[in-house]
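Student: Can you keep this structure in mind? I'll have questions shortly.
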Amino acid sequence: MFKVIEIFRGIEIPKNNLCRIGLSVVLFIILLGSFAPLIAKDPYETNMAKRLESPSSEHFFGADQLGRDLFSRVIYGARTSLIVAITISAFSMGIGCLIGAVSGYFGGIIDDVIGRIIDVFLSIPEIVVNIALVGVFCTIYGSSTWNVILAVVFTNWVSYARITRGIVLSLKEREFIFCSKAIGAKSSWILFKHIIPNALGPIIVLATLNVGNIILTIASLGFLGLGIQPPTPEWGQLLNSGKNYIATAPWITFFPGLFIALSVFGFNLLGEGLRDILERRRIYE
Amino acid sequence: MRLTRRDFVKYTGFGAASLLGMSFLGCMTKETTKDTLIIGYAEDLKLRGDPAKIDRSIPKFCVLERLIEYDLSSDDFVPSLAKKWDVESGGKRIVFELKKGILFSDGAEMDANAVKFTYDILVVRKHSVAPRSVEVIDDHTVAFNFDEAWVLNFAKLQDVHGLGVMSPKSVKPEGDPNGTLVDLIGTGPFKVVEYVENQYTVLEPNRYWFEQTGLEPKIKKLIVKVIPDEDTRVLALRSGEVDVLIDNYHGGYDYTPRNQLSALKKDGFKILTKNIPYTWIVVFNYRKEPFNDIEMRRAVNYAINRDEIAKIFDGWVRPAWNGMFPPEVPGMAEANIRYEYNPEKAKEIVNGKDVGEITLIVNKSQSDQILVAQLVQQQLKNVGLNIKLETLEKGVYKQKRNSGDYNLRIYYIGGSERTFYMRIFWRFLPPEKPWKVYMSDNVTEKAIAVVKEFDKTKRRQKFIEFYKALYEEAGVAPLYYEVVAVAEKPNVEGIKFEYSEPRFYSTYVKA
Amino acid sequence: MLRYIARRALQIIPTILGISIISFSLLYIFPGDPAEFIVEARYGVEPTQEMVEKIRIEMGLDKPFVVQYFNWLSKAVRGDFGISWTEDKTVMEVILERLPISAELFFATFAISVVFALILGVISAVHKDKAIDHICRIYSLLGISIPSFWLGLILIWIFSVQLHLLPAFGCCELKHLILPVLTWCFSFMAIKTRFVRASLLEELSKNYVITARAKGLPEKLVVFRHALRNALIPIITYFSLSLHHLIVGSIMVEVVFSWPGLGSLLVESVFKRDFPVVQALVFLSGVLLITMNLVVDLLYAVIDPRIRYGD
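Taken in order, these protein sequences are the chains called S, R and W. According to the numbering used here, the first sequence is numbered sequentially starting from 1. According to the numbering used here, the second sequence is numbered sequentially starting from 286. According to the numbering used here, the third sequence is numbered sequentially starting from 797.
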């Protein structure tokens, strides 16, 4: 955490407009998700007497087809989306950065092979592979959250690998690495002491933007009925179940979508802002 | 080969402009006049290729006719293309005398050869409903031989899995039951004039049928549009793309979602429904813990509030309180069965037992069943059963069903009037198959007794015994009684139900 | 020049091989026997041992994985992806049926997006850091944040449900095209606007622009005759790259509006478990992307000889 503040010149974050708005949106969504049990009611509790009730002071977002409180389902949906998105992002980051660093650091044939693999993954439209893969999983094994995670990580690690590889390649040529090597530093020392801290900035920017993207991907899969299955509340899937009622109960569609848009927008803003700061810092240097 | 920057920009600009033009080329125009009725339907009618695979609904009640029909209210098999019949060899052989002067839409006469050809399609495929053999006795007499002396043989003949009597000219090589379907020719009120696989079928009145019945066709064209996804179908009706939505109610899927009927009605669409002997149930995996225990099965039956489930569909369906079939089914009312909603009793039963996590599986191709499953899950949770709900792809559902990898599943018994007897066969009779819902020595024996009995009055008694046995053993947990539904635009008139199937011969569309 | 083309073309071969491996392996995540499934999907009956055996031999499923892969690949490069598992047609026929429908949606979107992205991008860049620029920037962020399926549903709610102006569903007439195109344009245009703005800003910061301004050229001429003209090259490149969206580029839009194009085909095939179609779509979309890349690179080389000699 300390490192992050240092990289982005912590003080600048609240000064940057994009960052400020983005960060507040992201924090808002995270808080909603984490305090869901305090804010919301039981998202599973059905009440057929309240079926398709419109928004009111008791049910802020109205009620769904089984009379469940939509507000609670949307809030718990934030939880689902965030947990899954962050898990995917973490796995991808771990795998991607490792592969990228190895490729860039060792070079030679390893780099050639990994470079090719990265090329391959970059040239297949991600969402196509995601749908195909989740589809294959879920039409064969049945859908589970792990299928979604696995399928998205499968395509998602590449951007991390590419960016890490690029950074490592450029750092390798810098003097301080040469010096370290000259005085006999071990590979692992160079990696942890020099390369990782330097790569951290761009990777954090990427990760922020990435979480937004993943939330969108999960929602898309959910909307297609391929993602996380009911009764677990998930935004895309809530939207999917509401689209039949667009004429009679548009709120079932409206609110989950609004939250998807809001959170993706938040992460994108924050990512952009962080990138701005990083770029400006580079210019200073 | 050398291009300047300026040229490059110029050419690409030209390219972009031509793309813009191209994009509007694909637009076509289409007429919709009031002498055309467009039907939205879930499945391709499969009018080419294997003649045994023809769609089970629309071709059968528009293009083809059957030998006999089944009337649920009187529990009788009634003549259609057959005039009368004799039952021989104690029921193993049925000899039909066909009506004379019935013409196929190509003008040829419907005769015993056509009937033999039609049923041979199943015989050569060793289909489960196929007779053992078909014999032509003379031009208008045809005999069917069966292995068993069951009244079910009639049901098999009138629900030829996907077939009605068709002309031998429908296939190539002509008259070969192994041949390929090239042009479906039947005796029904409509004939096929155009078929585009997976897109649409155009039907026109068959003038021979109308001449014979003395009716006047009020519509010139019937177009059946294939729209597989249920939501899209509803949207198509709303947007005016189609005039009518018809259920494919052969099996448990592909119908107009019942949870949307009210919304459609509110927006001015007409909804026609007819009760059918078709029930949505919870199937127990009765071979496996914990539902091999009759008490546990009872607990589920006590825990389910069928009124609430029917409420999902705003009263379009009836809650299944009085048995596994609706009261109009032969013997059902007399059986005097009444399911009870008693969560306290259910809790009592469940309380003492350590049953762990219970898996409920549901096929997710229907939004209706996903809703039902979620509600059932909540209701069972309320009595202390810990239910894990798995919403599965059609294929995975089948796999899990086949491998017995579940505790509870949402499923259906019965069907349209015509399939009523067949479904008793398919759901309760041996051999044990994954799509059977409950079998025990007692229940199976009583189910067999039903499909054996030729005498109507005795059969009713056997029905009652069968229902009671199933109820006693809590073999299934009925949820609600299904209907068959037609959703139509307000200007569509004259769709009638016959034997719970919608008919279009007197249909017209007001301007 | 020919040598350069040959070298670049050779370079994409390993990538295409990689894509083919990924698309082919999709089938092999399948546990158990695909032959059994094919029998069920095709004939709608319980598979018997002999039917399964027949299919297995017919489809070459009895051979080892590597052999099957090379069989598949050698046919795939000739455009033969075998027979659909659920329909009595070749995979290519199934795809070609849907391609024109997808193309209609895509080219309409593409044309409109290009025009408006250029306009918005230029306005934004010229008025950098003014209110209008901020609006354009926020729009370009919103465009990539708002889920197209939600936007589509909202548009349906407004134009079909409330105003009864446009159909929510259907295909191939102009009135059917409007909502899906609008929905897709919203995100498609956003990314492009952003790119136009960035490219033009970069060009505007270059020395020759400063010179041009210094010699007193009117700002209009500076921007349009000099900067934009040079910026157009990366812009056109970027635009042409996005042509790869032609194949399964708009899955969500097609699904929301039930547009029967390739995106819907992908989703349908996934649900029907028609894996050869899924394989083919994954493979083709990858190949198209690489090919577009190659074509753009070659065009670049045609315009700018430095590239072909340089590296």
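All residues carry an ideal CB built from backbone N, CA and C; glycine is no exception.
1) So, does the CB of L270(S) fall closer than 8 Å to a CB anywhere in chain W?
2) What in chain W is Cβ-close to G680(R), meaning under 7 Å?
3) With N720(R) as the anchor, note down where its alpha helix (DSSP H) starts and where it stops.
4) Less than 8 Å between the C-beta atoms of G239(S) and P250(S), yes or no?
5) Given a threshold of 16 other Cβ atoms within 10 Å of its Cβ, counted over all protein chains shown, does T465(R) qualify as buried or as exposed?
6) Looking only at its chain, what residues have a beta carbon closer than 6 Å to the beta carbon of S72(S), apart from the 5 residues adjacent to it on each side?
7) Assuming L349(R) and G525(R) form a contact by the criterion Cβ under 8 Å, report the distance between their Cβ atoms to the nearest whole angstrom.
8) Where do the N-terminal and C-terminal ends of the alpha helix (DSSP H) with N607(R) fall, by residue?
9) Consider the Cβ of A805(W): report whether some Cβ of chain R lies at a distance smaller than 8 Å.
10) Residues of chain W with a CB under 7 Å from the CB of T253(S): which are they?
11) Just to confirm my understanding: we take W601(R), look at its own chain, exclude 5 residues before and 5 after, and list those with CB closer than 6 Å. What are they?
12) If you compare alpha carbons, which of N692(R), A754(R) and L383(R) is closest to N570(R)?
13) Distance check for L869(W) and I879(W), CA to CA, integer angstroms please.
14) Looking only at its own chain, which residues have a Cβ that is under 8 Å from the Cβ of I422(R), when we skip the five neighbours before and after it?
15) With which residues is V768(R) paired in a DSSP beta bridge?
16) Check the C-beta distance from K551(R) over to T253(S) and give it rounded, since I have them as a contact under 8 Å.
17) With 8 Å as the C-beta to C-beta threshold (strictly closer), list the residues of the region 48-65 of chain S near chain R in chain order.
18) Verify the CB distance criterion: does D884(W) have a CB-CB separation below 8 Å to chain R?
19) Candidates R603(R), I531(R), K573(R) and E580(R): which alpha carbon is nearest I566(R)'s?
20) Which residues in the same chain as I149(S) place their Cβ atom closer than 8 Å to its Cβ, once the five residues preceding and following it in sequence are excluded?
21) Since R378(R) sits in a beta bridge, which residues does DSSP pair it with?
22) If you draw a straight line from the C-alpha of K596(R) to the C-alpha of A772(R), how long is it?
23) DSSP state of V614(R), grouped into three classes?
24) Between G616(R) and K441(R), what straight-line distance do the alpha-carbon atoms span, to the nearest angstrom?
25) If you count every other CB in all the chains shown that lies within 10 Å of the CB of F309(R), and 16 or more means buried, which is it?
26) Pick out whichever of S374(R), S365(R) and L448(R) has its Cα sitting closest to the Cα of I406(R).
27) Could you tell me whether the Cβ of F223(S) comes closer than 8 Å to any Cβ of chain W?
28) Which same chain residues end up closer than 6 Å to T317(R) when comparing Cβ atoms and leaving out the 5 residues on each side of it in sequence?
29) Should Q604(R) be flagged as near chain S, meaning a C-beta pair shorter than 8 Å?
30) Kindly list, in the order they appear in chain C, the residues whose Cβ is closer than 7 Å to that of P231(S).
31) At 4 residues or longer, what runs of the alpha helix (DSSP H) sit wholly inside the region 464-545 of chain R?
32) Name, please, each residue of chain S whose Cβ falls closer than 9 Å to the Cβ of M1048(W).
33) Leaving out five residues on either side along the sequence, give the residues of the same chain with a beta carbon under 7 Å from the beta carbon of D391(R).
34) So which residues on chain S does P519(R) lean against when the C-beta distance must stay under 9 Å?
35) Is DSSP giving I698(R) helix, strand or coil here?
36) Please decide whether T46(S) counts as near chain R, where near means a Cβ-Cβ distance under 8 Å.
Tutor: Judging by the given coordinates:
1) Residue 270(S) sits at position 270 when you count from the first residue of the first sequence. Judged by the 8 Å Cβ criterion, L270(S) is not in contact with chain W.
2) Taking the second sequence and counting its residues from 1, the one referred to as residue 680(R) is at position 395. Within chain W, R1069 have C-beta atoms less than 7 Å from the C-beta of G680(R), given in sequence order.
3) Translated into positions along the second sequence, residue 720(R) becomes position 435. Note on identity: in this sequence residue 720(R) is Trp, with Asn being the wrong assignment. Annotation for W720(R): no alpha helix (DSSP H) segment contains it, and DSSP assigns it neither H nor E.
4) As a position in the first sequence, residue 239(S) is number 239, starting the count at 1. As a position in the first sequence, residue 250(S) is number 250, starting the count at 1. Per the sequence presented here, residue 239(S) reads as Leu, with Gly not at that position. Between L239(S) and P250(S), the C-beta spacing is not below 8 Å.
5) In the second sequence, residue 465(R) corresponds to position 180, counting from 1. Exposed: under 16 other Cβ atoms inside 10 Å.
6) In the first sequence, the residue the question calls residue 72(S) occupies position 72. Sequence-distant partners of S72(S) (beyond 5 residues in either direction) whose C-beta falls short of 6 Å from its own C-beta, in its chain, are A40, K41 and P43.
7) Residue 349(R) sits at position 64 when you count from the first residue of the second sequence. Residue 525(R) sits at position 240 when you count from the first residue of the second sequence. With a contact defined as Cβ atoms closer than 8 Å, L349(R) and G525(R) miss out at about 30 Å.
8) Residue numbering aside, residue 607(R) sits at position 322 when the second sequence is read from its first letter. Membership of N607(R) in any alpha helix (DSSP H) is not indicated, and neither H nor E is assigned to it by DSSP.
9) Here the question's residue 805(W) lines up with position 9 in the third sequence. No - not a single Cβ of chain R is within 8 Å of the one on A805(W).
10) Along the first sequence, one-based indexing puts residue 253(S) at 253. Per Cβ cutoff of 7 Å: L949.
11) Indexing the second sequence from 1 puts residue 601(R) at position 316. Hits under 6 Å: R543 and L546.
12) Locating residue 570(R) in the second sequence gives position 285, where the first residue counts as 1. Among N692(R), A754(R) and L383(R), the Cα nearest to that of N570(R) is on N692(R).
13) Numbered from 1 along the third sequence, position 83 holds the residue referred to as residue 879(W). Numbered from 1 along the third sequence, position 73 holds the residue referred to as residue 869(W). Straight-line measurement puts the Cα of L869(W) at about 14 Å from the Cα of I879(W).
14) By 1-based counting over the second sequence, the position of residue 422(R) is 137. So the qualifying residues of the chain are V380, A397 and A428.
15) By one-based count along the second sequence, residue 768(R) stands at place 483. In the DSSP assignment, V768(R) forms a beta bridge with N560(R).
16) In the second sequence, counting from the first residue as 1, residue 551(R) sits at position 266. In the first sequence, counting from the first residue as 1, residue 253(S) sits at position 253. Not confirmed; about 17 Å, so no contact.
17) When C-beta distances to chain R are compared with 8 Å, the residues of the region 48-65 of chain S below that value are M48, R51 and Q65, in chain order.
18) Counting from one through the third sequence, the residue named residue 884(W) turns up at place 88. Chain R, which has a Cβ nearer than 8 Å to the Cβ of D884(W), makes this yes.
19) On the second sequence, residue 566(R) is found 281 positions in, with the first residue counted as 1. Checking every option, the nearest Cα to that of I566(R) belongs to R603(R).
20) The sequence position of residue 149(S) within the first sequence is 149, counting from 1. Once the five neighbours on either side are set aside, the close Cβ partners of I149(S) are V84, T87, I88 and F91.
21) Position 93 of the second sequence, counted from the start, is the residue given in the question as residue 378(R). Answer is E373(R) and N430(R), bridged to R378(R).
22) Counting from 1 along the second sequence, the entry for residue 596(R) is found at position 311. Counting from 1 along the second sequence, the entry for residue 772(R) is found at position 487. In a straight line, the C-alpha of K596(R) is about 19 Å away from that of A772(R).
23) Locating residue 614(R) in the second sequence gives position 329, where the first residue counts as 1. DSSP places V614(R) in coil when its eight states are reduced to three.
24) As a first step, residue 616(R) is located in the second sequence; it is residue number 331 there, counting from the start. As a first step, residue 441(R) is located in the second sequence; it is residue number 156 there, counting from the start. Using only the alpha carbons, I get a separation of about 21 Å.
25) Taking the second sequence and counting its residues from 1, the one referred to as residue 309(R) is at position 24. With a pLDDT of 44 at F309(R), under the threshold of 50, the predicted position of this residue should be treated as unreliable, though the coordinate-derived value follows. It is exposed - the Cβ of F309(R) has fewer than 16 other Cβ atoms within 10 Å.
26) For the purposes of this step, residue 406(R) is taken as residue 121 along the second sequence, with counting starting at 1. When only C-alpha atoms are compared, the closest one is L448(R).
27) Your numbering for residue 223(S) matches position 223 in the first sequence. For F223(S), at least one C-beta of chain W is nearer than 8 Å to its own C-beta.
28) In the second sequence, counting from the first residue as 1, residue 317(R) sits at position 32. Note that T317(R) scores a pLDDT of 44, beneath 50, so its modelled location is shaky; the value from the coordinates is reported in the next line. Hits under 6 Å: none found.
29) As a working note, residue 604(R) is residue 319 in the second sequence. Per the sequence presented here, residue 604(R) reads as Pro, with Gln not at that position. So, not an interface residue.
30) Of the protein chains in this structure, namely S, R and W, none is chain C.
31) Runs found: 492-498 and 515-523.
32) Here residue 1048(W) refers to the residue found at position 252 when the third sequence is read from its first residue. Result: I127, S220, F223 and L224.
33) Reading the second sequence from its first residue, position 106 is the one you call residue 391(R). Cβ neighbours of D391(R) beyond the five flanking positions: S452, K454 and I470.
34) Against the second sequence, residue 519(R) aligns to sequence position 234. Checking the displayed sequence, the identity of residue 519(R) turns out to be Val instead of Pro. Within chain S, the residues near V519(R) are N244.
35) Within the second sequence, residue 698(R) is the residue found at index 413, counting from 1. In this structure, I698(R) counts as strand in the three-state DSSP scheme.
36) What you label residue 46(S) is simply residue 46 of the first sequence in a count that begins at 1. Yes, because at least one Cβ of chain R sits closer than 8 Å to the Cβ of T46(S).
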